[in-house]
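Residue numbers for the sequence shown follow the working numbering, beginning at 43 and rising by one.
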Amino acid sequence: MTITHTAKKTLAAVAGIALAASLTACGGGGSDAASTGAAGTTGTTASGSASATAASTGGYNLVPKDTNGDGLITVGFAQVGAESGWRTANTQSYQDYFVAANGFKLAFADANQDADKQKQDVRDLIQQGVEVIDLAPVTDSGWEPVLQEAKDAGIPLIVSDRQLSVSDDLYLTYFGGNMEQEGKTAVKWLEDYIKANNVTDPINIVHLQGTIGSTAQKGRSKALTDAAPANKWNVVYEQTGEFTQAKGQEVMESFLQQGKDFNVIYSENDDMTYGAIEALKAAGKDPKSYIIISFDGNKSAVQMVIDGLIDVIAECNPLLGPQVGDLIKKSAAGDKIAKITYSVESFIDSTNAAEKIKTAFGS
Ligand code: GYE
């Protein structure tokens with residue numbers, strides 16, 4: 043069977059017969075595949091992480107304290123920006139949790155996705171004399187001097203959401219998703235889908251990447267880059283859409299104009315996925331004829347799984363405020379906390395979307 047525009051409905055099964063599952067878009071085939079697949083491979087329990095990493099907490103002795111005696115701990119939150127639905131929910135979760143009733147005050151700095159500005163933001167928070175810094179880093183490199191300055195100023199620093207490539211004696215703890223594991227969950231789902239449907243057509247993938255140099259991008263991209271050669275998948279296009287809907291749409295439009303065939307879209311967040319779907323529609327393509335893989339799990343994206351537009355979402359939990367608050371309280375009380383704690387995350391496809399939408403974040 044020749045591939046025309048290599049849409050999902052044209053994917054050839056063994057003996058050249060396209061399975062009903064493919065014809066009816068994202069439904070049954072994908073879900074069967076996924077249920078044998080990603081569950082159990084995702085997430086790391088807090089306790090698992092704790093025991094795996096407790097030994098590396100040495101070298102960092104700062105713990106959160108109410109240094110000015112006002113009865114509250116002031117947390118300076120160096121946030122990435124406002125690029126996505128995930129980010130909006132993440133910010134909201136901090137604003138809701140870090141209030142006087144919970145023993146906190148919040149000082150908020152928005153880096154507008156600019157890694158250099160964010161370094162200045164952290165310096166400003168140090169200057170303001172906040173009592174704890176929570177850094178959600180735009181990108182993972184170049185942080186040593188700033189982290190050393192925070193340490194020298196005696197301000198404990200927590201890394202959340204995305205990780206850093208620095209020595210772990212420069213920060214108290216990391217809390218957030220395991221980005222490479224999320225990517226592996228998505229990749230495993232695709233492998234299982236292909237097996238369950240006996241797909242024999244070439245798999246041609248469009249890879250929409252997140253902000254280059256963020257661990258959210260690095261981990262999710264690595265999972266695909268590692269799996270592609272082993273599975274003989276072709277990544278036909280790969281470019282960043284900077285985690286925004288507008289850029290995701292623009293990049294997908296340019297790919298469509300260049301005209302190479304593809305049948306899978308691996309988009310590293312929901313917002314870029316929305317943009318890609320818009321671009322497909324504008325070009326007169328049916329989004330349901332592609333296998334669409336997304337990340338995060340915003341409510342509207344979960345609805346798109348139910349509607350058959352998105353095939354699978356590797357979950358990423360943005361509601362980190364209360365959990366970071368808990369870690370601060372524990373550490374302030376003298377408890378030893380793990381160097382790394384990963385959120386427990388799974389995936390959403392047609393088998394569980396109706397259930398997952400009930401608790402999905404955002405709009
Ligand atoms: O997936 C994306 C956001 O760092 C996990 O950043 C986060 C990512 C999230 O812009 O939507």
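Glycine included, each C-beta is placed from N, C-alpha and C at the ideal position.
Any non-hydrogen atom of the ligand GYE within 7 Å of residue i CB
i	result
Ala124	no
Asn311	yes
Ala157	no
Asp176	no
Ala318	no
Ala258	yes
Trp185	no
Phe403	no
Asp166	no
Phe389	no
Gly261	no
Trp275	no
Asp182	no
Phe337	yes
Asp108	no
Gly255	no
Trp128	yes
Phe146	no
Asp152	no
CB contact below 8 Å: residue i versus chain C
i	result
Gly118	In the structure shown, chain C cannot be found, because there is only a single protein chain.
Nearest to residue i (by Cα), restricted to the options the options
i	options	result
Gln251	Lys289, Ile236, Ala269	Lys289
Gly317	Gln291, Asp338, Ala325	Gln291
Thr383	Gln121, Asn220, Ala324, Leu148	Asn220
Val122	Val141, Ile335, Asp108, Ala151	Ala151
Tyr308	Arg262, Pro271, Gln299, Ala321	Arg262
Val180	Gly196, Lys161, Leu189, Gln190	Lys161
Ala325	Tyr332, Gln299, Gly339	Gln299
Asp156	Ser256, Lys330, Thr401	Ser256
Gln223	Pro360, Ala265, Ser202	Ala265
Thr411	Ser373, Gly363, Glu357	Outside the displayed range of the chain (43 to 405) lies residue 411, so it cannot be described from this structure.
Asn154	Leu189, Phe285, Lys381	Phe285
Buried versus exposed, by CB contacts within 10 Å (16 or more), residue i
i	result
Asp194	exposed
Ile254	exposed
Ser336	buried
Asn103	exposed
Ala238	buried
Ala62	Low per-residue confidence applies at Ala62: pLDDT is 31, beneath 50, and the placement is therefore not dependable, though the value from the model is reported in the following sentence. Ala62 should be labelled exposed.
Pro329	buried
Leu369	buried
Ser209	exposed
Gln137	exposed
Ser73	Confidence in Ser73 is poor, its pLDDT being 28 and thus under 50, which makes the residue's placement unreliable; the coordinate value appears in the next sentence. By the neighbour-count rule (16 or more Cβ atoms within 10 Å), Ser73 is buried.
Gly101	exposed
Asp243	buried
Ala395	buried
Pro271	exposed
Ala143	exposed
Lys378	exposed
Gly79	Confidence is the limiting factor: at Gly79 the pLDDT is only 27, short of 50, which leaves the residue's position unreliable and the question unanswerable from this model.
Should the stretch 337 to 349 be regarded as contacting the stretch 179 to 195, the criterion being three or more beta carbon pairs within less than 8 Å? no
Only counting runs of 4 or more residues, tell me where the alpha helix (DSSP H) segments fall wholly within the stretch 177 to 210, in order along the chain. 186 to 194
Quick check: the stretch 380 to 400 against the stretch 218 to 233, are there 3 or more CB pairs under 8 Å? yes
Given 8 Å as the limit, is there contact between the stretch 272 to 290 and the stretch 237 to 257, that is, 3 or more CB pairs closer than that? yes
Could you say if the stretch 106 to 114 and the stretch 159 to 176 meet the contact criterion of at least three C-beta pairs nearer than 8 Å? yes
Any contact of the stretch 174 to 181 with the stretch 119 to 133, i.e. 3+ C-beta pairs under 8 Å? yes
Flag this pair as touching only if the stretch 317 to 330 and the stretch 129 to 142 have three or more C-beta atom pairs under 8 Å; answer yes or no. no
Please give me, in chain order, every unbroken run of the alpha helix (DSSP H) with length at least 4 that falls completely inside the stretch 348 to 403. 363 to 374, 395 to 398
Which complete alpha helix (DSSP H) runs does the stretch 282 to 339 hold, if anything under 4 residues is left out? 287 to 300, 312 to 324
Runs of beta strand (DSSP E) lying entirely within the stretch 217 to 275, each at least 3 residues, in chain order: 246 to 251
Ranges of the beta strand (DSSP E) found wholly within the stretch 128 to 174, counting only runs of at least 3: 146 to 152
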